[in-house]
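Trainee:
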Amino acid sequence: MTSCRDSAVFYLSWTLLLGGAALFWRQRRACALYGRYTPGQAQGRCYPAGLAWFLQEVPALLTPLLLLLWSGTGFETGTLLLLGTFVLHYGYRSLIYAFLTRGRPVPLHIIVFSAAFCSLNGVLQGHHLLHCAHFDHTWMTRTRLAAGCFLFLVGLSINVHSDFILRGLRKPGEHVYRIPRGGLFELVSGANFLGEILEWCGYAVAAGTLPAFAWAFFTVCSIGPRAVHHHRDYRQRFEDYPPSRKAIIPFLL
Numbered sequence: 001m002t003s004c005r006d007s008a009v010f011y012l013s014w015t016l017l018l019g020g021a022a023l024f025w026r027q028r029r030a031c032a033l034y035g036r037y038t039p040g041q042a043q044g045r046c047y048p049a050g051l052a053w054f055l056q057e058v059p060a061l062l063t064p065l066l067l068l069l070w071s072g073t074g075f076e077t078g079t080l081l082l083l084g085t086f087v088l089h090y091g092y093r094s095l096i097y098a099f100l101t102r103g104r105p106v107p108l109h110i111i112v113f114s115a116a117f118c119s120l121n122g123v124l125q126g127h128h129l130l131h132c133a134h135f136d137h138t139w140m141t142r143t144r145l146a147a148g149c150f151l152f153l154v155g156l157s158i159n160v161h162s163d164f165i166l167r168g169l170r171k172p173g174e175h176v177y178r179i180p181r182g183g184l185f186e187l188v189s190g191a192n193f194l195g196e197i198l199e200w201c202g203y204a205v206a207a208g209t210l211p212a213f214a215w216a217f218f219t220v221c222s223i224g225p226r227a228v229h230h231h232r233d234y235r236q237r238f239e240d241y242p243p244s245r246k247a248i249i250p251f252l253l
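Numbering (UniProt numbering), first residue to last: 1 to 253.
1) Report back the beta-carbon spacing between Tyr203 and Gly126 to the nearest angstrom; my notes put them in contact at under 8 Å.
2) Would the beta-carbon of residue 256 fall within 9 Å of that of Thr79?
3) Would the stretch 153-167 and the stretch 185-199 be scored as touching if the rule is three or more Cβ pairs under 8 Å?
4) Among Arg181, Tyr47, Pro180, Leu66, whose alpha-carbon lies nearest the alpha-carbon of residue 256?
5) Leaving out five residues before and five after Ala227 in sequence, what residues of the same chain have Cβ atoms less than 8 Å from its Cβ?
6) Helix, strand or coil for Pro107, going by three-state DSSP, please let me know.
7) Can you tell me whether Gly122 is buried or exposed, with buried defined as 16 or more other CB within 10 angstroms of its CB?
8) Starting from Asp240, trace the alpha helix (DSSP H) both ways and give me its first and last residue.
9) Return the chain-ordered list of same chain residues with a C-beta closer than 6 Å to the C-beta of Pro250, the five sequence neighbours on each side being excluded.
10) Taking only the alpha-carbon atoms, compute the straight-line gap between Arg28 and Thr219 and give it to the nearest angstrom.
11) Would Glu199 be called buried (16 or more neighbouring beta carbons within 10 Å of its own) or exposed?
12) In the structure shown, what three-state DSSP assignment does His128 receive?
13) Is the beta carbon of Leu124 sitting closer than 9 Å to the one on Trp215?
14) Would the C-beta of Leu81 count as close to the ligand ZN, meaning under 8 Å from any of its heavy atoms?
15) Please list the terminal residues of the continuous alpha helix (DSSP H) segment that includes Pro64.
16) Can you tell me the Cβ-Cβ gap for Ile96 and Leu55, rounded? I've got them flagged as a contact below 8 Å.
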């Protein structure tokens, strides 16, 4: 795989890397204020979880597809395969997860920030794959591609299954918290976060590009600490919380 020089891609990728590091440092003390961490006084400025997830995630689905439509045809198989993995995740997140979720209301500023971020990341990943990355004829037979795609699919399966388990903990309209059980929740408190991290690490391995690596790094820095905060919250809420369960990495962390 080769990549043409594009200053916008370079600077946006480094913005992701530096932003991820800054977000990781910030979340060492306090988690982002949405979901269970939403302050009580902010409830009047919140919107239903399903609508919020749709509005903030759908830009990452639409922007690569629009770039693909505007760019015409004749793209390499590698380009379409990697773009397909990106679109598959956000198709699930914005169209299926958003429709089924029973989460808490989300503050408006979180929705606006997330939608803007997803738009920029969608443009970055889509533009780089469609206009900058070029895959030679041997790329489709390389072990790295197979390993990356396998890791992505494993992560997506974990993510979808974990979301299913979490939804089953609540009846419609409920905002209570219960101990999740089953699947990888038997090993870690943040099974859904682990699944998403595996997805984007697989995407980065398969692509082998700076934008893909930057996005995987940002994902680890943004939801990895959130899994740790969730783990602490569960242990504080429930006296019978499984003591052997870790936060995000089975048997280690």
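C-beta atoms are modelled at their ideal positions from N, C-alpha and C, and glycine is treated no differently. Computed from a prediction, not measured in an experiment: that's the story for all the values here.
Mentor: According to the structure data:
1) In the sequence shown, the residue the question calls residue 203 occupies position 203. In the sequence shown, the residue the question calls residue 126 occupies position 126. By a beta-carbon distance limit of 8 Å, Tyr203 does not contact Gly126. Their separation comes to about 13 Å.
2) Because the chain is modelled from 1 through 253, residue 256 falls outside the range shown and cannot be assessed.
3) Contact between the stretch 153-167 and the stretch 185-199 is present, with at least three C-beta pairs closer than 8 Å.
4) For the chain, the structure presents residues 1 to 253; residue 256 sits outside this window and is missing.
5) Residue mapping note: residue 227 aligns to position 227 of the sequence shown, counting from 1. The beta carbon of Ala227 sits closer than 8 Å to the beta carbons of Val188, Ser189, Gly190, Phe193, Leu194, Ala247, Ile248 from its chain, once the five residues preceding and following it are set aside; these are given in chain order.
6) Taking the sequence shown and counting its residues from 1, one reaches residue 107 at position 107. Three-state DSSP puts Pro107 in a strand.
7) Here the question's residue 122 lines up with position 122 in the sequence shown. Burial state of Gly122 is buried, judged by a 10 Å Cβ sphere holding 16 or more other Cβ atoms.
8) Looking up residue 240 in the sequence shown gives position 240. Per DSSP, Asp240 lies in no alpha helix (DSSP H) segment and is marked neither H nor E.
9) The count along the sequence shown starts at 1 and reaches residue 250 at position 250. For Pro250, same chain residues with a beta-carbon under 6 Å away, outside a window of 5 residues either side, are Leu187, Val188 in chain order.
10) Numbered from 1 along the sequence shown, position 28 holds the residue referred to as residue 28. Numbered from 1 along the sequence shown, position 219 holds the residue referred to as residue 219. In a straight line, the C-alpha of Arg28 is about 15 Å away from that of Thr219.
11) The residue given as residue 199 occupies position 199 in the sequence shown. Only buried fits Glu199, as 16 or more other CB atoms lie within 10 angstroms of its CB.
12) For the purposes of this step, residue 128 is identified with residue 128 of the sequence shown, where counting begins at 1. Helix, per DSSP.
13) As a first step, residue 124 is located in the sequence shown; it is residue number 124 there, counting from the start. As a first step, residue 215 is located in the sequence shown; it is residue number 215 there, counting from the start. Contact: yes.
14) Because no ligand of any kind appears in the structure shown, any question about the ligand ZN cannot be addressed here.
15) As a working note, residue 64 is residue 64 in the sequence shown. DSSP places Pro64 inside the alpha helix (DSSP H), whose first and last residues are 49-71.
16) Counting from one through the sequence shown, the residue named residue 96 turns up at place 96. Counting from one through the sequence shown, the residue named residue 55 turns up at place 55. So it is not a contact: roughly 15 Å between Cβ atoms.
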